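Our numbering puts the first residue of the sequence shown at 781, with every later residue one more than the last.
Backbone N, C-alpha and C define an ideal beta-carbon position, used for all residues, glycine too.
Remember, it's a predicted structure, so these values are computed and weren't measured experimentally.
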Amino acid sequence: MRIPMAYTEQNIRRLALGFLRQHYKFRPRSATSGTRVVDKPHFYKGVIIDARLAFQKPNLDWFIATIEATGLEERHEIEYRVNVARICVHAGIITLTGMAIFLALTLVQGESVWQWFGRPDVYYFLAYVFVLSFVGTALLLSTLKYYRYIYAVAQFMRFYADAQWIAYDAAIFEGDDHARRKARKFRELQRQCVRFGFGLIEIREGHAPVSRLEPSQIDQFGGSRGALPAWVAAIEAPPIVRDLTKRLPGGKKTPAPVEEAPPEEEMQDPLAIGTYLPVEQRQEEFLENMVPAKRGRKRRIYTPAKLLADLRWRWRRFVRLLYPRDAKRLPGYYELPYWVMTLAVVSFLSTAFLLYEHSRWEPLATPGEKTAAPSLAPLEPAADPSRSDAEPGVLPGEYDHTLTAAEAREDLDDGPLRSADPIVEVIEEEETDIFRYRIRSDGEIFIDYECVSLFPGDSLDYFLVEYGRFPSFIASRDRAQNLHDRYGIGTMVWRTDCFEPTAPGYSILLGEPLAVEGDANFMVRQYRSSFGLEAEVIPVAGGR
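In structure tokens:
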């Protein structure tokens, strides 16, 4: 089996130049113009031009054709890679914009993510949503052809030439290994060359260059790229500039011929001390008195223009240190339009502002704002619900649910809108003999009319008593029922004087009495963290 010979980049440049010589052989040109070629890579405007061919057209304008040569060892120059940097920026902008829209809609509805999750769970939720959205968006964007980067195409996109060719070794896309991948990469190279108007030259075996794609004769970028200057196409510097460089002090000058020393007549002893002393005398010693001294350079602090230029150079150098290492090696890989950077800053600031507005939510009521959670215990109703349902009519302090707005307007009199009488009349609660009202976790209710133990036993027990005292039995009973229905815990209403003599009102006990004080303290912290209930531990002898 014969192994095909791999072309070097220098071979490809020369073969491509020979092909273009024949390709543009019959193009109209000036009578005094010949074809000028450069087969060595040179640097210009941040890009590397591998080879160049130029000739003058009949109107004396220069026709320039540039070549990007790629051998088998430089195959990465024409094989596409996914532009990860651009995907990350675009995915971040889309994620921040989506989060800003979500936070704005939530804020308009009067809700807050701090209300839903609380601290610190809200930070985990926001981080989880951001990472999941960012990764999902980046994976979707990586499938688009817009983010496929080719080095050779990016080089040509930075400057304008009449014809731009990409010459490559045919062995790059040939072979049985990874055939489908090679075919996909060649199709992407061909697609981008057709889109941007670049030509393709394939160097096949036997030094045979073949044109696979002709460059476009119309600028696909609409003249937005900078054109190569005429002196670049003319290869040599203009005559005025060439003569000027010779006249400058630093220009190259022909050195004077060195005269040979005459042969000495007498033989000298090589070990003599005189041979080690300098023979020539310094001429500067005679010129010191003839040439006047010049004034030294001014201090930079007294020249604002030079100081500003120095500061500008230092700032540009500092900014360039922040660039990635391969920024110069991959032109256009990290470049982003101004509108993308503007949108990134706006989306970031909007998301930060909305997060700050969400974080201002508090569980306590604020004047003029909507509270997200009740901060007070359920208020005592003006009348007993059981009496209201049993007795017909409307009791004092109630309103008629069956009365419509039109009927209520007919009942209005022409009296003053304000009245000195209170709108809600407080109904005095009847005396009750209930000392304990216990609701178990399964909903069963026990009532005791004396201060006797509902839990037989003579040991010292620890009760969890909610902070606060209720002046009436109905209010404490409703509070205990509310705690049981909301959290599913056992509660008990107990007259305070049963365990604290001469103490008025009623107290609410949470859960079951505990025999160990450490367990009771742990349950106090558990109720505070889980339900937001504040309780205290009270030891009672014979509480069981």
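Cβ neighbour criterion (16 or more within 10 Å) applied to residue i
{"i": "S1287", "result": "buried"}
{"i": "E735", "result": "Only positions 781 to 1324 of the chain appear in the structure, and residue 735 is not among them; the question remains open."}
{"i": "P808", "result": "exposed"}
{"i": "I792", "result": "buried"}
{"i": "D1106", "result": "exposed"}
{"i": "G979", "result": "buried"}
{"i": "R1305", "result": "exposed"}
{"i": "H870", "result": "buried"}
{"i": "T917", "result": "buried"}
{"i": "Y903", "result": "exposed"}
{"i": "W1095", "result": "exposed"}
{"i": "P1293", "result": "buried"}
{"i": "E789", "result": "buried"}
{"i": "G814", "result": "exposed"}
{"i": "P900", "result": "exposed"}
{"i": "S1004", "result": "exposed"}
{"i": "H856", "result": "exposed"}
{"i": "T923", "result": "exposed"}
{"i": "H803", "result": "buried"}
{"i": "T1253", "result": "It should be pointed out that residue 1253 corresponds to Phe in this sequence rather than to Thr. Label assigned to F1253: buried."}
{"i": "Y1103", "result": "exposed"}
{"i": "P1084", "result": "exposed"}
{"i": "I858", "result": "buried"}
{"i": "F1250", "result": "buried"}
{"i": "L883", "result": "buried"}
{"i": "E1246", "result": "buried"}
{"i": "F1098", "result": "exposed"}
{"i": "L1258", "result": "This sequence places Asp at residue 1258; Leu is not what is there. Label assigned to D1258: buried."}
{"i": "V990", "result": "exposed"}
{"i": "A1089", "result": "exposed"}
Cβ distance (whole Å) where residue i is taken to contact residue j below 8 Å
{"i": "R1308", "j": "E1314", "result": "6 Å"}
{"i": "T886", "j": "F910", "result": "With 8 Å as the limit, T886 and F910 do not qualify as a contact, their Cβ atoms being about 15 Å apart."}
{"i": "G1268", "j": "S1221", "result": "6 Å"}
{"i": "L1244", "j": "L1290", "result": "4 Å"}
{"i": "G851", "j": "F914", "result": "With a Cβ gap of about 39 Å, G851 and F914 do not count as contacting."}
{"i": "Q972", "j": "V933", "result": "5 Å"}
{"i": "W1141", "j": "S892", "result": "4 Å"}
{"i": "I1219", "j": "G1270", "result": "6 Å"}
Option in the options with minimal Cα separation from residue i
{"i": "G1223", "options": "L833, V1273, Q1261", "result": "Q1261"}
{"i": "Y787", "options": "A849, M1272, R1140", "result": "A849"}
{"i": "G890", "options": "R1216, H1138, S1310, Q836", "result": "H1138"}
{"i": "I881", "options": "A1132, R1140, E1280", "result": "A1132"}
{"i": "T812", "options": "V974, N839, H822, D819", "result": "N839"}
{"i": "G1112", "options": "S810, F905, F936, F1302", "result": "F936"}
{"i": "G1298", "options": "P1281, T1271, G1312, Y1242", "result": "Y1242"}
{"i": "P1281", "options": "A932, V1320, R1075, M1272", "result": "V1320"}
{"i": "A950", "options": "R899, Y908, F966", "result": "F966"}
{"i": "G878", "options": "F823, V1126, Q997", "result": "V1126"}
{"i": "E854", "options": "F1001, I952, T923", "result": "I952"}
{"i": "A1295", "options": "A959, Y1136, V1273, I1318", "result": "I1318"}
{"i": "F1215", "options": "H958, T1276, I828", "result": "T1276"}
{"i": "F806", "options": "K820, V818, K837, V893", "result": "K837"}
{"i": "E994", "options": "A988, G1002, E982", "result": "E982"}
{"i": "M1272", "options": "S1256, G1285, Q802", "result": "S1256"}
{"i": "A1341", "options": "L1135, L1102, R816, P1284", "result": "In the structure displayed, the chain extends from 781 to 1324; residue 1341 sits before or after that span and is not available."}
{"i": "I1225", "options": "W1093, H1264, D999", "result": "H1264"}
{"i": "A1283", "options": "M1303, G1248, R1259", "result": "G1248"}
{"i": "V974", "options": "G898, R992, R964, F823", "result": "R992"}
{"i": "C1278", "options": "Y1217, K1086, L1088, L1110", "result": "Y1217"}
7 Å Cβ cutoff, residue i in contact with chain D
{"i": "G851", "result": "Within the model displayed, chain D is absent; a lone protein chain is all it includes."}
Near the ligand PLP: residue i beta-carbon under 6 Å from a heavy atom
{"i": "V933", "result": "The model depicted lacks the ligand PLP and carries no ligand whatsoever."}
> Can you list, in chain order, the stretches of the alpha helix (DSSP H) that have 4 or more residues and sit fully within the segment 915-978?
Replying inline: 931-936, 959-976
Contact between the segment 839-859 and the segment 931-949 is defined here as three or more beta-carbon pairs at a separation below 8 Å; is this criterion met? yes
Every unbroken alpha helix (DSSP H) inside the segment 1215-1289 [4 residues or more] = 1253-1267
Practice task
Could you tell me whether the segment 797-812 touches the segment 829-842, using the rule of 3 or more Cβ pairs below 8 Å?
Solution key: yes
message: Would the segment 853-868 count as touching the segment 1112-1126 if we require 3 or more Cβ pairs under 8 Å?
response: yes
Contiguous beta strand (DSSP E) assignments of at least 3 residues, all confined to the segment 834-891:
842-850
Q) Using 8 Å as the threshold, is the segment 962-980 in touch with the segment 944-953, meaning 3 or more CB pairs across them? A) yes
Practice prompt. Say whether the segment 916-928 touches the segment 852-864, bearing in mind that this needs 3 or more beta-carbon pairs closer than 8 Å, one atom from each stretch.
Written response: yes
Checklist entry - If you scan the segment 1289-1316 from start to end, which runs of the alpha helix (DSSP H) of 4 or more residues do you find wholly inside it? => result 1297-1311
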